[in-house]
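A.B. asks: The opening residue of the sequence shown carries number 6 in the numbering used here; numbering runs sequentially from there. Beta carbons: idealized from backbone N, C-alpha and C, even for Gly.
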Amino acid sequence: MRAIFVGAVCAVLAACNSGGGTPAPSPTPTATPSPTPTPATLLTLTSDQVFATASARVMNPYGPDFTYVPSSSLDSYGNTITFNYGVTGNYAINGDDTNPPAFPASSLVAGSDPVFASYNVSPTGDSNLLTLFRPGSANTRLALSYASYGILDDMRFFSSHYNRHYYRSFAYGLAAPLSGVPSTGNLAFASSVDGYWARLRTIDPINGYIALRLSGPVTMSVDYAARTVSLSMQLSGTDNNAGGLGTVALGTVQGTGNFSATSNTISGTLTGAGFTGSFSGSLFGPQATELGLAFRVTSTSPSQQDVAGVVVGKR
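#1: Sort out for me which residues DSSP pairs D159 with in a bridge.
#2: One question on the structure: do R62 and Y154 come within less than 7 Å of each other, judged by their Cβ atoms?
#3: With a floor of 3 residues, list each beta strand (DSSP E) that falls wholly inside the segment 55-141, ordered by position along the chain.
#4: What do you get for R146, buried or exposed, if any count of 16 or more other CB atoms within 10 angstroms of its CB means buried?
#5: Which first and last residues belong to the beta strand (DSSP E) in which Q292 is found?
#6: Quick one: using the 10 Å Cβ neighbour count with 16 as the cut-off for buried, is A16 buried or exposed?
#7: Give the straight-line distance between the Cα atoms of F138 and L149, rounded to the nearest whole angstrom.
#8: Measuring alpha carbon to alpha carbon, tell me which of Y73, P75, G91 ends up nearest V55.
#9: Determine the burial state of F163: buried for a count of at least 16 other Cβ atoms within 10 Å of its Cβ, exposed for fewer.
#10: How big is the Cα-Cα spacing for G273 and S127?
#11: As an exercise, report each continuous beta strand (DSSP E) stretch of at least 3 residues that is fully enclosed by the segment 213-301, in chain order.
#12: What residue range does the beta strand (DSSP E) around P191 cover?
#13: How is S150 classed by DSSP in three states: helix, strand or coil?
#14: So, with DSSP's three-state summary, where would you put S184?
#15: Considering only the alpha carbon of each residue, which of S235, G251, P222 lies closest to G242?
#16: Could you have a look at Q310 and say whether DSSP puts it in helix, strand or coil?
#17: Looking only at its chain, what residues have a beta carbon closer than 8 Å to the beta carbon of T270, apart from the 5 residues adjacent to it on each side?
#18: Determine the closest residue to G262 out of N144, R173, S111, F300, with distance taken between C-alpha atoms.
#19: Would you mind giving the Cβ-Cβ distance between S174 and A313, rounded to the nearest angstrom? I have them listed as a contact below 8 Å.
#20: Candidates N191, P187, A152: which alpha carbon is nearest G297's?
#21: With DSSP as the reference, label S52 as helix, strand or coil.
#22: Under the rule that 16 or more other beta-carbon atoms within 10 Å means buried, what is N133, buried or exposed?
#23: In chain order, what residues of the same chain have a beta carbon less than 8 Å from the beta carbon of F289, not counting five sequence neighbours either side?
#24: Return the residue from the list T87, T49, R232, M64 that minimises the CA-CA distance to S77.
#25: Is the separation between the beta-carbon of D311 and that of A203 shorter than 7 Å?
#26: Just to check my reading of the structure: G185 and Q292 have Cβ atoms closer than 8 Å, yes? What is that Cβ distance to the nearest angstrom?
#27: Do G282 and T257 have their beta-carbon atoms positioned less than 7 Å apart in this structure?
#28: Based on Cα-Cα distance, which residue from T93, S226, V316, M238 lies nearest to T194?
#29: Put T305 into one of helix, strand or coil per three-state DSSP.
#30: On a Cα-Cα basis, can you pick out the residue from N168, I98, P75 that is closest to Y124?
#31: Does A176 come out as helix, strand or coil in the three-state DSSP assignment?
#32: Which value, in whole angstroms, describes the spacing of the CA atoms of S304 and A216?
Dropping the structure here:
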């Protein structure tokens, strides 16, 4: 009888040791990482934006009254002038003391091309033309994703013999986050310049001064370690009016600027060809791969001359 009991106990123990205990835990499933979102570009924005700008303006007086001479100003990046950017094609400049009108999509000028889109609104006899440099790969001059610029041509009529042309150039874009700015490297930026040069129209003094559209080769680089920007512009201006000045060389204007570890706002000084002035701007894009700035230089030799424009670039 005792032998039977011991055998039964052994059978029970054998059953317990044969896998009837607590099962081993299942391995924790590996989480599937979410894809990194693609940074927005100026072409993929889905809502309207109010962009800070760096802006420079030149005033060109037109008419036989030499009491008035050209003048210019520079508004630092993020200071005064903002740009209302509508994803459906509606735009506005805020902070300008001439109070320019808004530019609806319906004001798009026929003949706009892959490089520029122009909008014309001319209320109460004045003339307002907004020209925007188009972002995107279709732009054959410089394909930008995060930075761009515009020029507001604002003509104010004071009399049949005198008016003022205000040309405001402004750079804007998707500002680079501080965390995205590299800390090493000195890289060149492919760049483009635009703007206006107001000067005496010596071949036709009765019309006083003329505004020449800027162009010319630009050399620009960013030293991310030293946090400096080097800029050199070989500027010319073109008068497209019939019997006008044609293209006139201004000369080379160059300088350096810097940006601090706590700000991507760039500021610097310019000199050359008898002109002196300054520039302001910012780095744009998630990795600070693009740059936009506004500049202003002046000279009084042989007469008052003012230049205001923008430079945009990408590495």
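C.D. replies: By the coordinates alone:
#1: Translated into the one-based positions of the sequence shown, residue 159 becomes position 154. Answer by DSSP bridge pairing, in chain order: N133, Y171.
#2: Locating residue 62 in the sequence shown gives position 57, counting from the first residue. Locating residue 154 in the sequence shown gives position 149, counting from the first residue. No, the pair does not count as a contact, with Cβ atoms beyond the cut-off.
#3: 59-67, 76-80, 87-90, 96-99, 121-126, 132-138
#4: As a working mapping, residue 146 is identified with position 141 in the sequence shown. With fewer than 16 other Cβ atoms within 10 Å, it is exposed.
#5: Position 287 of the sequence shown, counting from 1, holds the residue named residue 292. Q292 -> no beta strand (DSSP E), and no H or E assigned at all.
#6: One-based indexing of the sequence shown puts residue 16 at position 11. Confidence is the limiting factor: at A16 the pLDDT is only 45, short of 50, which leaves the residue's position unreliable and the question unanswerable from this model.
#7: As a first step, residue 138 must be located in the sequence shown, where it is residue number 133. As a first step, residue 149 must be located in the sequence shown, where it is residue number 144. Distance between the alpha carbons of F138 and L149 is about 9 Å.
#8: Numbered from its first residue, the sequence shown carries residue 55 at position 50. Ranking the options by Cα distance to V55, first place goes to G91.
#9: Against the sequence shown, residue 163 aligns to sequence position 158. Per the 10 Å Cβ criterion, exposed.
#10: As a position in the sequence shown, residue 273 is number 268, starting the count at 1. As a position in the sequence shown, residue 127 is number 122, starting the count at 1. Whole-angstrom Cα-Cα distance: 36 Å.
#11: 214-220, 223-228, 233-244, 251-263, 270-277, 280-289
#12: In the sequence shown, the residue the question calls residue 191 occupies position 186. In the sequence as presented, Pro is not what sits at residue 191; that position holds Asn. Where N191 is concerned, the enclosing beta strand (DSSP E) stretches over 191-205.
#13: By 1-based counting over the sequence shown, the position of residue 150 is 145. In the structure shown, S150 sits in coil (DSSP, three-state: anything other than H, G, I, E or B).
#14: Reading the sequence shown from its first residue, position 179 is the one you call residue 184. If DSSP states are grouped into helix, strand and coil, S184 belongs with the helices.
#15: Walking along the sequence shown from the start, residue 242 turns up at place 237. The shortest Cα separation from G242 among S235, G251, P222 belongs to G251.
#16: The residue given as residue 310 occupies position 305 in the sequence shown. Reduced to three states, the DSSP call for Q310 is strand.
#17: As a position in the sequence shown, residue 270 is number 265, starting the count at 1. For T270, where only same-chain residues beyond five positions count, the Cβ hits under 8 Å are S81, Y82, G83, F264, S285, G286, S287.
#18: Here residue 262 corresponds to residue number 257 of the sequence shown, with the count starting at 1. Of the listed residues, the one whose Cα sits closest to G262 is F300.
#19: Counting from one through the sequence shown, the residue named residue 174 turns up at place 169. Counting from one through the sequence shown, the residue named residue 313 turns up at place 308. Confirmed, Cβ separation roughly 6 Å.
#20: Taking the first residue of the sequence shown as 1, we reach residue 297 at position 292. When only C-alpha atoms are compared, the closest one is A152.
#21: Translated into the one-based positions of the sequence shown, residue 52 becomes position 47. S52 falls in the coil class under three-state DSSP.
#22: Indexing the sequence shown from 1 puts residue 133 at position 128. So N133 ends up on the buried side.
#23: Taking the sequence shown and counting its residues from 1, the one referred to as residue 289 is at position 284. Answer for F289: Y151, A152, G178, L179, A180, A181, E295, L296, G297, listed in chain order.
#24: One-based indexing of the sequence shown puts residue 77 at position 72. With distances taken between Cα atoms, S77 lies closest to M64.
#25: In the sequence shown, the residue the question calls residue 311 occupies position 306. In the sequence shown, the residue the question calls residue 203 occupies position 198. Yes; because the gap between Cβ atoms is below 7 Å, this pair is in contact.
#26: For the purposes of this step, residue 185 is taken as residue 180 along the sequence shown, with counting starting at 1. For the purposes of this step, residue 292 is taken as residue 287 along the sequence shown, with counting starting at 1. Contact flag correct, Cβ pair sits at about 5 Å.
#27: On the sequence shown, position 252 is the one that residue 257 refers to. On the sequence shown, position 277 is the one that residue 282 refers to. Their beta carbons are not under 7 Å apart, which means T257 does not touch G282 by this criterion.
#28: Position 189 of the sequence shown, counted from the first residue, corresponds to residue 194. Here residue 194 is Phe; the residue named in the question, Thr, does not match the sequence. Answer by Cα proximity: S226.
#29: The sequence position of residue 305 within the sequence shown is 300, counting from 1. Note: T305 maps to coil in three-state DSSP.
#30: The count along the sequence shown starts at 1 and reaches residue 124 at position 119. It is I98 whose Cα lies nearest to the Cα of Y124.
#31: Taking the sequence shown and counting its residues from 1, the one referred to as residue 176 is at position 171. Here A176 sits in strand by DSSP.
#32: Within the sequence shown, numbered from 1, the residue matching residue 304 stands at position 299. Within the sequence shown, numbered from 1, the residue matching residue 216 stands at position 211. Distance between the alpha carbons of S304 and A216 is about 15 Å.
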